[in-house]
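Enquirer:
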Amino acid sequence: MPQWSPSSWLAKTPNYPHQAAYADQAAVDSAVRSLRALPPLVTSWEIERLKRLLADASRGRAFILQGGDCAERLADCRPDAVTGKLKILLQMSLVLVHAMGRPVIRVGRIAGQYAKPRTSPTETHQIEGIPRTLPSYYGDLVNREAFDDNSRRPDPAHLVTGYLHAAVTLNFIRSLVDRGFADVHHPENWELGFLQKAGLPPELRQKYARLTAELTEGLRLAEAMGHSSPQGPSDRTEFFTSHEGLNLLYESAQTRRVPRREGFYCLTTHLPWLGDRTRDPDGAHVEFFRGVRNPVGIKLGPSTTPDQLLRLCEVLNPEREPGKLVLIARLGAAIVSDRLPALVRATLKEGWTVEPDAPHPAPALWSCDPMHGNTLLRNGARRPVRKTRAFTDILSELVDSCDIHAACGSHLAGLHVELTHEDVTECLGGASGITEADLDTNYATACDPRLNYEQALELAFRLGERLAPPATPPSAPAPPRCRSS
Ligand code: PEP
Ligand code: CO
C-alpha cells in the first residue's frame, strides 16, 4: 500500500461527485487552517475505549445502538433537542439491555452529522410557476436548506461554524452525562410514558405494560443495590458520537497524532462512517479512513458484493484490529434475504467476523440499518412527493437480518436508525398507525424520514423480543420411577 498521510486522499480522483464544490480556494484554505488550530472534539482514549467495547460486541457480549437525525441541523443545537435525543437513545437502550441481558453501547448520530451525500447534485422547484434549479442541500456543514442562491452556495466558513456547533453540542452532552442525567437517580429520563398511550392493540399494550413494570422494578432494584446504571455498577452511563465522514476537508483538518500513542486519530467524532456512496476501495474516502485509528462504520447497500466487502475490510483494517469495523448493512426488506447471507458467510469464512461467544473478539461486527434500503416516495397533501418509510418494512428487514445471522452461525451486533424524540409524522405505520394522509402533519426532517419517539421505542421492544436469550427450558420431567411391589 502506498504511504498514507492525513492529506493522501487529495491525490485520489474524487470518486464521489458531490463533494462540495467551493468557488473560493483562499476561503477554503483559511477555514482549514482555523480547524487545524482548534482543539479536538473527542479524545483518543474515548476512541480506544469505544473500540474495546466494539470488540466485546463483535463476539456477542455487547450491542451497539446508533441513532439520531438523518441530517442534524445547526438549529438543533438547543438544550431541549439535545436532551430529547439523548433520552430516546437511553430509553431504547434500557429496553434492549433488559431484553438481551447484555450491555448496550450508545452512539448518537449527533454533534457533527452535518454533511449529506445526495443522489442528485441539483434540485428543481416551481417558484411562482417558473422552474428553478439550484444545488441540492448538502447539510449545514456545506450550504443551507432554504431554496435561494445564497443559501445553496457551498461556503467554506460553514466548516468552522459546524465545528463550533458540534463542540457546543458535545459540551452539553458531556455535562449531562457527567452530572448523572443518564443515571437511574433520574428516573424521569428513563420513563417509558408512551406505553400508556391509547391506540395500541390490546395485546401489544398488555405486553408492553408488563415489560414497563419489569423495567421500572429493575431500575428500582439497581438503585437500591447502589448501582447507578442498569448496566451494572459502573459509575456513569457512557455516550459516544458518530457522523458520516463525508467532508474530508473537515475530517482531515482535525486528524492528528496524540502524545504517547501510535498513529493518527480523527478527532471530530468517535465513530466516523463511510456512506454507501463513498465506500469505493480506490476512492478518496476509503483512502482517508484507512489511515485513522478510530473504529470506522461502512454502509453496505444492495450493490455490495462479497469480494468488494472483503477487499474493503483488508484495506480499512489491514492489521485485523479487534472492534475496528462496523459493517452496517442497509439492503432493504425486499432483498435482504437474497443478499445478506452471502456477505455474512464471506466475513465469517475469512475470519473478519465470528460466531456469538467466540473465544476471541473479531476485527469486524455486523449492524443493521433498516432505514436506507426502505425509502418510498408518497404523495403528501401539501407537498406533491414525500420521502417516507413503512414501519413494517423497517421491522421486517431487522427481524430477517437477525434470522439470517442466526442461520449462518453469525449474530447481529448492532442497530443503526434515523430517529427523533419528537412526535413527527415522517414514517408510516407503527402502533399509532401513521398513514399517508398524516405525512404532512409534522414532517420536519431536513433530509430522510425518521422514526418518531413511539416508533423508535416500538422498534426497540420488537428487537429486544427477537434477540432475547431463549428461556431456559423447563426441567425435564423426572424419569418414571421403578415401582417396588
Ligand atoms: C445516511 O446514513 O444518512 C446515509 C446517507 O446512508 P447511506 O450511505 O447508507 O445511504
Ligand atoms: Co439518511
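Whatever position you read off the sequence shown (first residue = 1), add 699 for our numbering.
All residues carry an ideal CB built from backbone N, CA and C; glycine is no exception.
All figures in this text were calculated on a predicted structure; none of them were measured in a lab.
Rounded to whole angstroms, how far is the Cβ of alanine 834 from the Cβ of threonine 821, which I believe are closer than 8 Å?
Expert: Indexing the sequence shown from 1 puts residue 834 at position 135. Indexing the sequence shown from 1 puts residue 821 at position 122. Sequence check: residue 834 is proline here, not alanine. At roughly 6 Å, the Cβ-Cβ gap stays under 8 Å, so proline 834 and threonine 821 are in contact.
Enquirer: So, at 6 Å on beta carbons, what are the nonlocal neighbours of alanine 1041 in its own chain, with the 5 sequence-adjacent residues on each side left out?
Expert: Along the sequence shown, one-based indexing puts residue 1041 at 342. Excluding positions up to five away in sequence, the list reads Pro1005.
Enquirer: Hey, would you say the C-beta of aspartate 975 is under 6 Å away from at least one heavy atom of the ligand FMN?
Expert: Of the ligands one can find in the structure shown, namely the ligand PEP and the ligand CO, none is the ligand FMN.
Enquirer: Would you call isoleucine 787 buried or exposed, if buried means 16 or more other Cβ atoms sit within 10 Å of its Cβ?
Expert: Locating residue 787 in the sequence shown gives position 88, where the first residue counts as 1. Per the 10 Å Cβ criterion, buried.
Enquirer: What does a CB cutoff of less than 8 Å around arginine 805 pick up in its chain, not counting 5 residues either side in sequence?
Expert: Working through the sequence shown from its first residue, we reach residue 805 at position 106. Here the set comprises Leu764, Leu788, Leu789, Ser792, Thr936, Glu937, Phe938 and Phe939.
Enquirer: Would the C-beta of aspartate 1147 count as close to the ligand CO, meaning under 6 Å from any of its heavy atoms?
Expert: Locating residue 1147 in the sequence shown gives position 448, where the first residue counts as 1. The answer is yes for aspartate 1147.
Enquirer: Ignore the nearest five residues each way along the sequence and tell me which others in cysteine 1181's own chain have a CB closer than 7 Å to its CB.
Expert: By 1-based counting over the sequence shown, the position of residue 1181 is 482. Low confidence applies to cysteine 1181: its pLDDT is 43, below 50, so where it sits in the model is not reliable, and the reading given next is rough at best. Within the same chain, cysteine 1181 has no close Cβ partners at all.
Enquirer: Which value, in whole angstroms, describes the spacing of the CA atoms of glycine 974 and aspartate 755?
Expert: Indexing the sequence shown from 1 puts residue 974 at position 275. Indexing the sequence shown from 1 puts residue 755 at position 56. Approximately 24 Å, taken between the alpha carbons.
Enquirer: In the DSSP assignment, the beta strand (DSSP E) including alanine 1063 goes from what residue to what residue?
Expert: Within the sequence shown, numbered from 1, the residue matching residue 1063 stands at position 364. 1063-1067 is the extent of the beta strand (DSSP E) around alanine 1063.
Enquirer: Going by the beta-carbon positions, is the gap between serine 1066 and glycine 1022 smaller than 7 Å?
Expert: In the sequence shown, counting from the first residue as 1, residue 1066 sits at position 367. In the sequence shown, counting from the first residue as 1, residue 1022 sits at position 323. No, these two residues do not count as a Cβ contact at 7 Å.
Enquirer: Taking C-alpha atoms, which residue in Gly766, Lys1048, Leu1008 and Gln1007 lies nearest to leucine 1158?
Expert: By 1-based counting over the sequence shown, the position of residue 1158 is 459. It is Gly766 whose Cα lies nearest to the Cα of leucine 1158.
Enquirer: Just mark glutamate 961 as buried or exposed, buried being the case when its beta carbon has 16 or more other beta carbons within 10 Å.
Expert: Residue mapping note: residue 961 aligns to position 262 of the sequence shown, counting from 1. Label assigned to glutamate 961: exposed.
Enquirer: Mind the definition here: the segment 1132-1148 touches the segment 1047-1066 only if three or more C-beta pairs lie below 8 Å; say whether that holds.
Expert: Cβ pair count under 8 Å is below three, so no.
Enquirer: Once the 5 residues before and after glutamate 844 are set aside, which same chain residues still bring their CB inside 8 Å of it?
Expert: Counted from its first residue, the sequence shown places residue 844 at position 145. If we look at glutamate 844 and ignore the five residues flanking it on each side, its Cβ neighbours are Arg772, Tyr836, Ser850 and Ala1145.
Enquirer: For glutamate 1153, which beta-bridge partners are listed by DSSP?
Expert: Residue mapping note: residue 1153 aligns to position 454 of the sequence shown, counting from 1. None, per the DSSP bridge assignment.
Enquirer: May I ask you to report which of helix, strand or coil DSSP gives proline 971?
Expert: Walking along the sequence shown from the start, residue 971 turns up at place 272. Strand, per DSSP.
Enquirer: Taking the straight line between their C-alpha atoms, what separation do you get for histidine 857 and arginine 732?
Expert: One-based indexing of the sequence shown puts residue 857 at position 158. One-based indexing of the sequence shown puts residue 732 at position 33. The straight-line gap from Cα to Cα measures roughly 14 Å.
Enquirer: Taking 6 Å as the line, does the beta carbon of cysteine 1101 fall inside it for any heavy atom of the ligand CO?
Expert: Residue numbering aside, residue 1101 sits at position 402 when the sequence shown is read from its first letter. False, no ligand heavy atom lies under 6 Å from that Cβ.
Enquirer: For a test of the three-state rule: what should DSSP assign to tyrosine 964, helix, strand or coil?
Expert: As a first step, residue 964 must be located in the sequence shown, where it is residue number 265. Looking at tyrosine 964 - three-state DSSP - the assignment turns out to be strand.
Enquirer: Do threonine 1119 and arginine 1161 have their C-beta atoms closer together than 7 Å?
Expert: Along the sequence shown, read from residue 1 onward, the residue named residue 1119 stands at position 420. Along the sequence shown, read from residue 1 onward, the residue named residue 1161 stands at position 462. No, Cβ-Cβ distance for threonine 1119 and arginine 1161 is not below 7 Å.
Enquirer: Excluding five sequence neighbours on each side, which residues of the same chain lie with their C-beta closer than 7 Å to the C-beta of aspartate 839?
Expert: Taking the sequence shown and counting its residues from 1, the one referred to as residue 839 is at position 140. Counting only Cβ-Cβ distances below 7 Å, and skipping sequence neighbours, we find Arg772, Leu773, Tyr813, His857 and Gly861.
Enquirer: Please state whether the Cβ-Cβ distance between leucine 1039 and isoleucine 1133 is less than 7 Å.
Expert: Indexing the sequence shown from 1 puts residue 1039 at position 340. Indexing the sequence shown from 1 puts residue 1133 at position 434. No, the Cβ-Cβ distance between leucine 1039 and isoleucine 1133 is not below 7 Å.
Enquirer: On a CA-only basis, which of Ala1106, Gly1163, Met799 and Ala983 is nearest threonine 712? Give me that one, please.
Expert: Stepping through the sequence shown from its first residue, residue 712 is reached at position 13. Among Ala1106, Gly1163, Met799 and Ala983, the Cα nearest to that of threonine 712 belongs to Ala983.
Enquirer: How many angstroms separate the CA atom of aspartate 775 from the CA atom of leucine 970?
Expert: In the sequence shown, residue 775 corresponds to position 76, counting from 1. In the sequence shown, residue 970 corresponds to position 271, counting from 1. Using only the alpha carbons, I get a separation of about 20 Å.
Enquirer: Short of 6 Å in beta carbon distance, which residues of its chain neighbour histidine 1110, apart from the five on each side in sequence? Order them along the chain.
Expert: As a working note, residue 1110 is residue 411 in the sequence shown. Hits under 6 Å: Gly759, Pro1055 and His1104.
Enquirer: To the nearest angstrom, report how far apart glutamine 979 and leucine 945 are at their CA atoms.
Expert: Along the sequence shown, read from residue 1 onward, the residue named residue 979 stands at position 280. Along the sequence shown, read from residue 1 onward, the residue named residue 945 stands at position 246. In the sequence as displayed, the identity of residue 979 is aspartate instead of glutamine. Going from the Cα of aspartate 979 to the Cα of leucine 945 covers about 13 Å.
Enquirer: What's the gap between the Cα of aspartate 866 and the Cα of aspartate 1037?
Expert: Walking along the sequence shown from the start, residue 866 turns up at place 167. Walking along the sequence shown from the start, residue 1037 turns up at place 338. It is worth fixing the name first, because residue 866 is alanine in this sequence and not aspartate. Distance between the alpha carbons of alanine 866 and aspartate 1037 is about 42 Å.
Enquirer: May I have a chain-ordered list of the beta strand (DSSP E) segments no shorter than 3 residues that lie completely inside the segment 1084-1111?
Expert: Segments of the beta strand (DSSP E) lying fully in the segment 1084-1111: 1085-1088.
Enquirer: For alanine 912 and alanine 1155, I'd like the C-alpha separation in whole angstroms.
Expert: Position 213 of the sequence shown, counted from the start, is the residue given in the question as residue 912. Position 456 of the sequence shown, counted from the start, is the residue given in the question as residue 1155. Cα to Cα, alanine 912 sits roughly 19 Å from alanine 1155.
Enquirer: Between cysteine 965 and the ligand CO, is there a pair consisting of the residue's CB and a ligand heavy atom that are separated by less than 6 Å?
Expert: By one-based count along the sequence shown, residue 965 stands at place 266. Checking every heavy atom of the ligand CO against the Cβ of cysteine 965, none is found closer than 6 Å.
Enquirer: Excluding the 5 residues preceding and the 5 following glutamate 950 in the sequence, name in chain order all residues of the same chain whose CB lies nearer than 8 Å to its CB.
Expert: Along the sequence shown, one-based indexing puts residue 950 at 251. Excluding sequence neighbours, glutamate 950 sits near Gly944, Cys965, Thr967, Pro971 and Phe987.
Enquirer: Taking the Cβ atom as the reference point for each residue, do leucine 734 and alanine 952 lie within a distance shorter than 7 Å?
Expert: Taking the sequence shown and counting its residues from 1, the one referred to as residue 734 is at position 35. Taking the sequence shown and counting its residues from 1, the one referred to as residue 952 is at position 253. Contact: yes.
Enquirer: Hey, which unbroken runs of the alpha helix (DSSP H) at 4 residues or more fall wholly within the segment 847-872?
Expert: Fully enclosed alpha helix (DSSP H) runs of 4 or longer: 848-851.
Enquirer: Given a cut-off of 7 Å, decide if proline 1001 and leucine 1026 are closer than it, judged by their beta-carbon atoms.
Expert: Here residue 1026 corresponds to residue number 327 of the sequence shown, with the count starting at 1. Here residue 1001 corresponds to residue number 302 of the sequence shown, with the count starting at 1. No.
Enquirer: Can you say whether proline 929 is buried or exposed, counting buried as having 16 or more other CB atoms within 10 angstroms of its CB?
Expert: The sequence position of residue 929 within the sequence shown is 230, counting from 1. Unreliable placement is indicated for proline 929, whose pLDDT of 44 sits below 50; no coordinate value is reported for it.
Enquirer: Among Thr1074, Arg777, Lys1048 and His1115, which one has its Cα closest to the Cα of isoleucine 872?
Expert: Walking along the sequence shown from the start, residue 872 turns up at place 173. Among Thr1074, Arg777, Lys1048 and His1115, the Cα nearest to that of isoleucine 872 belongs to Arg777.
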